[in-house]
Structures are given as structure tokens and as C-alpha cells.
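There are 6 protein chains.
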Amino acid sequence: MGELSHIDKNGRPRMVDVGEKADTKRIAVAKGSIFMKPETLRRIKEGTMDKGDVLSVAQTAGIMAAKNTSSAIPMCHNIMITGIEMDFIMDEENSAVHIEACASTVGKTGIEMESLHAVAVAALTIYDMCKAIDRGMRITDIRLVKKSGGKSGDYLGG
Amino acid sequence: MGELSHIDKNGRPRMVDVGEKADTKRIAVAKGSIFMKPETLRRIKEGTMDKGDVLSVAQTAGIMAAKNTSSAIPMCHNIMITGIEMDFIMDEENSAVHIEACASTVGKTGIEMESLHAVAVAALTIYDMCKAIDRGMRITDIRLVKKSGGKSGDYLGG
Amino acid sequence: MGELSHIDKNGRPRMVDVGEKADTKRIAVAKGSIFMKPETLRRIKEGTMDKGDVLSVAQTAGIMAAKNTSSAIPMCHNIMITGIEMDFIMDEENSAVHIEACASTVGKTGIEMESLHAVAVAALTIYDMCKAIDRGMRITDIRLVKKSGGKSGDYLGG
Amino acid sequence: MGELSHIDKNGRPRMVDVGEKADTKRIAVAKGSIFMKPETLRRIKEGTMDKGDVLSVAQTAGIMAAKNTSSAIPMCHNIMITGIEMDFIMDEENSAVHIEACASTVGKTGIEMESLHAVAVAALTIYDMCKAIDRGMRITDIRLVKKSGGKSGDYLGG
Amino acid sequence: MGELSHIDKNGRPRMVDVGEKADTKRIAVAKGSIFMKPETLRRIKEGTMDKGDVLSVAQTAGIMAAKNTSSAIPMCHNIMITGIEMDFIMDEENSAVHIEACASTVGKTGIEMESLHAVAVAALTIYDMCKAIDRGMRITDIRLVKKSGGKSGDYLGG
Amino acid sequence: MGELSHIDKNGRPRMVDVGEKADTKRIAVAKGSIFMKPETLRRIKEGTMDKGDVLSVAQTAGIMAAKNTSSAIPMCHNIMITGIEMDFIMDEENSAVHIEACASTVGKTGIEMESLHAVAVAALTIYDMCKAIDRGMRITDIRLVKKSGGKSGDYLGG
Chain A
0 MGELSHIDKN GRPRMVDVGE KADTKRIAVA KGSIFMKPET LRRIKEGTMD
50 KGDVLSVAQT AGIMAAKNTS SAIPMCHNIM ITGIEMDFIM DEENSAVHIE
100 ACASTVGKTG IEMESLHAVA VAALTIYDMC KAIDRGMRIT DIRLVKKSGG
150 KSGDYLGG
Chain B
0 MGELSHIDKN GRPRMVDVGE KADTKRIAVA KGSIFMKPET LRRIKEGTMD
50 KGDVLSVAQT AGIMAAKNTS SAIPMCHNIM ITGIEMDFIM DEENSAVHIE
100 ACASTVGKTG IEMESLHAVA VAALTIYDMC KAIDRGMRIT DIRLVKKSGG
150 KSGDYLGG
Chain C
0 MGELSHIDKN GRPRMVDVGE KADTKRIAVA KGSIFMKPET LRRIKEGTMD
50 KGDVLSVAQT AGIMAAKNTS SAIPMCHNIM ITGIEMDFIM DEENSAVHIE
100 ACASTVGKTG IEMESLHAVA VAALTIYDMC KAIDRGMRIT DIRLVKKSGG
150 KSGDYLGG
Chain D
0 MGELSHIDKN GRPRMVDVGE KADTKRIAVA KGSIFMKPET LRRIKEGTMD
50 KGDVLSVAQT AGIMAAKNTS SAIPMCHNIM ITGIEMDFIM DEENSAVHIE
100 ACASTVGKTG IEMESLHAVA VAALTIYDMC KAIDRGMRIT DIRLVKKSGG
150 KSGDYLGG
Chain E
0 MGELSHIDKN GRPRMVDVGE KADTKRIAVA KGSIFMKPET LRRIKEGTMD
50 KGDVLSVAQT AGIMAAKNTS SAIPMCHNIM ITGIEMDFIM DEENSAVHIE
100 ACASTVGKTG IEMESLHAVA VAALTIYDMC KAIDRGMRIT DIRLVKKSGG
150 KSGDYLGG
Chain F
0 MGELSHIDKN GRPRMVDVGE KADTKRIAVA KGSIFMKPET LRRIKEGTMD
50 KGDVLSVAQT AGIMAAKNTS SAIPMCHNIM ITGIEMDFIM DEENSAVHIE
100 ACASTVGKTG IEMESLHAVA VAALTIYDMC KAIDRGMRIT DIRLVKKSGG
150 KSGDYLGG
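Chains as they are written, first to last, in numbering that gives the first Met the number 0: chain A, 0 to 157; chain B, 0 to 157; chain C, 0 to 157; chain D, 0 to 157; chain E, 0 to 157; chain F, 0 to 157.
Structure, rendered in C-alpha cells:
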């Protein structure tokens, strides 16, 4: 197992130097879910079908969060994101919305945190917009499901 | 069940007017967890006991995120936070860190999103600082556990 | 005619002191338009009627911009916005989208700049999302149409 | 006519992938105007000739806005701006200030939105600093007048 | 001597609760200096007398920094600033620019950090704008010189 | 002596064009100090040795400030920082904490301002966290001590 690369020799935080790394195409896919009452999901869905669109706001928030990741996560490098796509699946059986973000960059580091941050903020936005009718929603299983590019090689999670 | 208050009459988003609401003391407690390999938890713990302190950075990030909530969550009001405390429990049995944030305000609205945002960003910070040794961490069960103050009354979650 | 209140006695900028002003309910309505090719308007409209929704993103951007006004406009006070609503009218006759923002606060100053900023950023967002098919769009007639509350009294523009 | 590139296949927003695009030198020039009372223009002008300088603050605000464009415009890529210049023309005949911004980058996308955003925020800053004496100012004709570099080729507007 | 109020009982950071404090009028004055070559000071001065105005940009930057203080300083409360004034003295004898910021608020906490932050960022802006001709400038003696309002009473420094 | 490169031909600010500059590896080291009462230093030190860690928060704040430099300093380019390390020396003889930041980038411009900004904000954070017991702290001697890379060549200060 490697070192905890963000901790310097005095045990205090640093932002690790990636200056020697080559620029490569990098892609990361993250997922997460928000569980809610069936009634809440129904209302989101009707909104989507009509004109109201909780998921459109959540998607916009997630994309903006991805771009803001290095301001929110202290030791995370600022990078230039080349693209982000998000997808939402309304799961009536489990009364949940499943969220997926796929972000890409061409650079020396990244792009896991950007995808994970997009998913987290999209989920929080759904919570915010529906909390008046359902305070018991749970945001869960935010994880990296796929990563390609970079020195550490590809990763495939669950 | 009430209305989805963030959706206006055309089905498009709005920030609901809270101008008529009274200023009250409001407190919200949110929790969440990040599951990891036992080795990762051990390393965080040793860092804490020694000098390195992943959790101190995560706590700082969470507190800063709370203050930045209205910039990240589109329909969330900007409010003046009067205090935030965070707590981290290292759970060896389940190989997880449990995160709690308690934020307070005196105002017309809030403060659930600030506490939830603090927990989410603290968890993402732990992920970021440990991802070099453990890409399979999962952030889970982010939820509101308690809220007091405001017109909608108190809430007690699980 | 009064003084240019943002210029101090040395001719350099300052943020004027509003500490002695009373807290009052304040509302400001701003409007603006973006002119485009008929084809562009048709595409926005179809997007809206289907599922794609340029205006939903523009509305989200406008609301977020309103909250960020004091960071963008140097001498503008940071205030707590109590509510924002935006409206978009698709005008086929003139091949334009007309944008309106109504923001409110309870405070010592504001809230004209927040409404104007919301309109400007919503218009820029429409430009950004449609520029691949129409670089000649024009953003025009951003102005204050109504203001109530505050010491300077009500204002009614055109 | 091409596709509305920011709308994904489900009709929801995305940030288009520019990872395959080559790095090229890109320049964009945007213009806009703010119309006001002759008295207001005279006061700005005297300020400039003396020491007070509304336009210096507006110019600073415009340049800072250009750098912040990807945080304000949801689907806009974050890019590294290599330079920005702004110019202001005081037009007594029409009682207006005409604003021009010229921003450049070396990259895969941009830089129209940065120039347009600089013009819009500079105009809003003038409004903010003069609104105590003239609430009827109008910000108008914000448009792209020139763009060079990038795959879509050069553009020359009016 | 009191407690280090930002450190919680586990030795980790928190944002102290000010919810029980009364709203009072608060003023804080901070000062600092930047020392430079005589030639650099001469150039700044000529710029000011002509049209170029390093100090106008520095003043704008300082005021914007004051408003952004709670985003930059982790445990600092976000407050509503009611006014800020800055002053610059060009000291030829010591070849320095002396900077003063006076910020005010009506609230439960603050406003020392806002004034100190304004001074620091104004000094850094002067450094940035002159570094092409003078890399050896020193920013020094940033300190609180006066504070009034609040429970801890008035403070008068040197 | 060269030109004040941030002032344009009309004497107003601009962000200088670095588009023609080559990408080179750049490193800048900045230092600064904060002087305080012996008691304050002792408390910080005990906090560090125990569990509380003012310096860990200050270090996190400094690193985040480095990444945010182009938002705070008006004419400063936004660049991609490849790494930052900070170091703190507790100097009992002089009752001070000495702060050092070393930031690096691979790019066309930078990285002095990022290192200087990190030092300044770290010092302000120490002030903020200890001000309850010591309002008389002084932040001093913020300066560039070393720079390498870039067309202007290496610099070695004191």
C-alpha cells in the first residue's frame, strides 16, 4: 500500500506536486443515489414530464459543482475539465433517484473528485428542492465506478 | 402533502420568498458515513494520533462548505451561520468514519442544507486525501437527523 | 442631483456605509431581452416543449448570479436575498426572449443590482447555450423597471 | 444549422466534451453600451479627469468577471485566459459609455463568453456606482463583434 | 487569558456559536505597509497623478476581499458588511505605501478580519501590479489598530 | 527599469497577454511571519502537540488561498498549480510563527502571487483563531524569497 500522499513529512497537509506527470486523457465515472418517499419521487417525475424539472436544476448544480471542485476540496488540484455529462434514473421499485456523472479532462491529474462532487451536489440539490415535503431522504452510495487514464491505470468499481 | 416549493407556476425553478417569516433560532444536525478498507482507517487513525490529520482538513473543508452552501445549491438562500461544530467517529468494527455536523443560525430559513453540505464535503475530502491507497471508499447515509426552530417545527430523523 | 456615493473624498472607490439605515422590505424588478434568429428561438422553444430546457438552465444561472452579486460588483453590499423569481417570454414576432427578474430582501440596502445581475447572467447563459448555431445574438435593454422600499422611495421605469 | 450542443440526448444540459479539440490561439472581442442622463456622463467624466474613476472600477470588475466566467455560466468551460484588455468610450452625443473587451486564450475552447461577461459586469458596475443619481440607465447591445481561432473559424459581427 | 475559542473539546476546529450575542454596531480599523524601491513608488505616484492608478485597483481588490473574508478564513463567520473605506498614503521618506481599511457592520460578531483581509489583499495587489519592476517589495506590519463594539469592548492598538 | 505592465496605454488596468510565452516549470517560495505574545505561541504549540492544531487549519487555508489567487488579485492570471507545500516554524525566542509557502506550476506565467497569497492567508487564519486572546498580533515581512523558471529568470531575495 502506498503513502497517504496528501500528508507531508511533518504530518500536515500539502497539495502533492504533479508537475512531472504527463498530460493524458482522463475519464472518471461516479454514481450515487437518493432514497425518498414514493410520493416524492412521483412529484419529481410529474414535474419532469410537465415542465417543472427538479432534475434539470440538479444537473446544472452538479455540473457547476464539478467545475468548482478544487475550491471545495482543500488538497484537490484545479484542472481544466473538458466535458461533463450527468444522468438520472428514476427507480420506482426502490423509490430512489440514481445519479451518474462522467467527467473528463486532458491533464496531469484528476478527475475522480470532480465526478464525485457533481454527484454529491446534485443529490443535495434534489434534497433541497424536495425537503418541504420529505425531510427523511437519504443520500447514499456515492462512489467511483470507473476511471481511465493517468499513471495509476484504470479502475473499475461496483 | 405540501407543494414542491421551489417550482414556480410555470414549472421552472425559483427561490421561495421567506421575507415574511420571523427570525428564529434554528439548529440542524446532519450525519453521514464513509466506508473504507481497514488499512485506510488505520492510516487515518495513526495520522491523527501522530501529527498528520486527515480529519482536521476534512473538518475545515466541511465548515467552509457550510458557509458556501448557497453558492453550491441553486435554490438555497444565503444565510448567516452563527456556529458550526463537526464530529468524527472512527468505527473500526465497520471500518468507517462517521461524520456529524451541527450548524445553527438566527434567521428566516435554513439550516438543514448547511449541515448536510458540510457532511458531504467532509466525506469527499476524506476520499480525496486517501484515494491514492483506496479508490473503493463509499460515502453513504447522508441524512438530516435533527432540526429545531422555524415554522415547520422540529424534526427528528434516524 | 446627489453625489456619486461610491466615490470617496479622494476620488477613490468605497463601499458606502448603510449601517444607520433601517431594515425595510425591498423589491426590485429588472428586465432585459436577447434577440436572435427565428430558427434559434424555434429550437429553444422545441427544447422547452420536449425536455431540453435552455431557459431552465438560464433561470438557475440567473438565480445563482443574484446570490453572487456582491462578489461580482465591487462596491455592492452583500445582503440576504429573501426570494427571487424569474420569468421568460418567448416573443416570436420580434424573435427574442424577454427576461424578467424580481428579487426581494429585508435589509438596509439593495436589491436593484441583484435583479439586474440575474437578468444579465440569464441572457449570457442563453447566448452560451445557443452560440453554436447563432453567434449574432444581442443582449439588450437591461434596465430596472420597478423598485419599492428603502429611503429613496419607489421607482417606476419603463 | 447544427445541434444545440449543450443539450444532451435526454434534453438535459451537459458540458460538451472538447477533449479532442486542438489547442489554438483564440481571441474574442465583445462590445456593449450603457445609456444614461447627460448629467451622469458628465459626472463620470469629471471623476475620470480628476481622480475619481468609475471606469477604473468597472474595468477591474470586468477583468475579474472574465476570469470568473465558468463559475457564472453553467455550461461554460473553465479555461486559462492569457490576456484581457478593456476600453471605454465616453459618447457625449448619445449620452452613453461604450464598452469593449478583448480576451485571449490558448486552448481547446472559448473565449467569447469571457469577453461578453466582462462587458456585462463592467456595465452593471457603472450602473451600481451611478444609480444614486440615475436609476434609468439602460445596458444595451451586448454582442460579439469578432472572434478568431478554433475549429468554427473566424467570426465578424457588427 | 481566555480559551482559544476556535478549538473544540477534541482539539479540532469549529466555528464558535455567536447566536446568543446581541446585534451591535461594530467598527474595525486595520493598517499595513508595503515597502519598495523609490523608483517603484515614483511610478505608482505618477500613475495616480496621470491616469493610471495602481491604488484604485488595490482599493477595489481590498474592498472585494473584505466581502469575501469568510470564504478565505476558515473559522470566520459570514457577516453583512455595512461599509468599507480604504486609504493609501504614499510615504516618500520611507519609500512605502501605507494602507488603512475601516470596515463596519451591525451584527453579532466581526469585523476585524474583514479590515485585516482588505489591507493584506490591497498590499498583494500592489505587489502584483509592480512586480515586473520590483520583486523585492515587502508587505509588513499588518495589524489591528482600533476596534469598537461587541462584548469584548473597544481595542486600541498601535 | 521596465514598464508597469498592468497599466494600459490609457492608464487603466489590463491583464497582460502571456499567450506568446512558452510553458515552463516555475517555482516560487514566499515567506512571512506573525508576531504574538509568548503566551499565545505557547497555546498554539500545546494545541499542536496535543490535538488542537491552529497551524493545520492555517495550512489548509493557505493552500486553498493559493488556488483562489486569481479571484482575489484583480490582474493576476488564473493558472493551474501543480503543487504547494507550506511550512511553519515556531520561534520562541522572537515569539513568532514563521510561515513559508512553495508553489509550483507548469505554465506561461506565475507563480509568485500564489505563494505570497498562501502566506498572507495562513497568517490571517492564525490571527483569526487566536484573536480572542491576543488582538495585538502583527503580520510582517511577507516577501518573495526565491523564484525560478520563466523568461525573467531566477530571483533570489532575502
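Even for Gly, the Cβ is constructed at its ideal location relative to N, Cα and C.
C-alpha distance - residue i paired with residue j, whole-angstrom precision
{"i": "Asp140(F)", "j": "Gly31(F)", "result": "5 Å"}
{"i": "Ser147(A)", "j": "Thr68(A)", "result": "19 Å"}
{"i": "Val144(B)", "j": "Gln58(E)", "result": "45 Å"}
{"i": "Arg25(E)", "j": "Asp52(D)", "result": "29 Å"}
{"i": "Lys50(A)", "j": "Gly109(D)", "result": "At Lys50(A), the pLDDT of 44 sits below 50, so the modelled position is not reliable and the matter cannot be decided from this model."}
{"i": "Met14(C)", "j": "Ile98(B)", "result": "40 Å"}
{"i": "Gly60(E)", "j": "Ala71(E)", "result": "Checking the displayed sequence, the identity of residue 60(E) turns out to be Ala instead of Gly. The alpha-carbon atoms of Ala60(E) and Ala71(E) are separated by roughly 14 Å."}
{"i": "Met112(B)", "j": "Ala119(B)", "result": "10 Å"}
{"i": "Pro12(E)", "j": "His5(E)", "result": "6 Å"}
{"i": "Ala65(C)", "j": "Asp22(A)", "result": "37 Å"}
{"i": "Leu54(B)", "j": "Gly106(C)", "result": "38 Å"}
{"i": "Ala121(A)", "j": "Ile88(C)", "result": "28 Å"}
{"i": "Pro73(D)", "j": "Ala102(A)", "result": "15 Å"}
{"i": "Asp127(C)", "j": "Thr81(E)", "result": "35 Å"}
{"i": "Lys20(C)", "j": "Cys75(C)", "result": "15 Å"}
{"i": "Val96(F)", "j": "Arg41(F)", "result": "11 Å"}
{"i": "Gly10(C)", "j": "Ala27(C)", "result": "29 Å"}
{"i": "Thr124(C)", "j": "Ile43(C)", "result": "12 Å"}
Cβ neighbours of residue i in the same chain (closer than 6 Å, five flanking residues each side left out)
{"i": "Ile62(E)", "result": "Ile83"}
{"i": "Arg137(A)", "result": "Phe34"}
{"i": "Gly135(D)", "result": "none"}
{"i": "Asp153(C)", "result": "Ser147"}
{"i": "Asp133(B)", "result": "Met35, Lys36 and Thr39"}
{"i": "Ile78(D)", "result": "Thr104, Gly106 and Gly109"}
{"i": "Cys129(F)", "result": "Thr39"}
{"i": "Met85(B)", "result": "Gln58, Gly61 and Ala100"}
Beta bridge counterpart(s) of residue i as assigned by DSSP
{"i": "Asp90(F)", "result": "Ala95(F)"}
{"i": "Ala100(B)", "result": "Ala29(B) and Met85(B)"}
{"i": "Lys24(C)", "result": "Val105(C)"}
Residue-level contact to chain C via CB, residue i, 9 Å cutoff
{"i": "Arg13(B)", "result": "yes"}
{"i": "Glu111(D)", "result": "yes"}
Any chain B beta carbon closer than 9 Å to residue i
{"i": "Ala60(A)", "result": "yes"}
{"i": "Ile141(A)", "result": "yes"}
{"i": "Lys66(E)", "result": "no"}
{"i": "Ile80(C)", "result": "yes"}
Contacting residues, own chain, Cβ-Cβ under 7 Å from residue i (five flanking each side not counted)
{"i": "Met48(B)", "result": "In this prediction, Met48(B) has a pLDDT of 44, which is less than 50 and means its spatial position is unreliable; what the coordinates show is noted afterwards. Nothing meets the Cβ criterion."}
{"i": "Leu115(C)", "result": "Ala29, Ile141 and Leu143"}
{"i": "Gly46(D)", "result": "Asp52 and Val53"}
Min CB distance residue i to chain D below 9 Å
{"i": "Met89(A)", "result": "no"}
{"i": "Cys101(C)", "result": "no"}
Own chain residues within Cβ distance below 8 Å of residue i, not counting five before or after
{"i": "Pro37(C)", "result": "Glu91 and Ser94"}
{"i": "Asp7(A)", "result": "Arg13"}
Proximity test, Cβ basis, 9 Å: residue i and chain F
{"i": "Ser70(B)", "result": "no"}
Residue-level contact to chain A via CB, residue i, 9 Å cutoff
{"i": "Ser55(C)", "result": "yes"}
| task | Only counting runs of 4 or more residues, tell me where the alpha helix (DSSP H) segments fall wholly within the segment 102-151 of chain B, in order along the chain. | result | 111-129
| task | Could you name each continuous alpha helix (DSSP H) segment of 4 residues or more that falls completely within the segment 27-82 of chain E, going from the start of the chain to the end? | result | 37-48, 53-66 and 68-71
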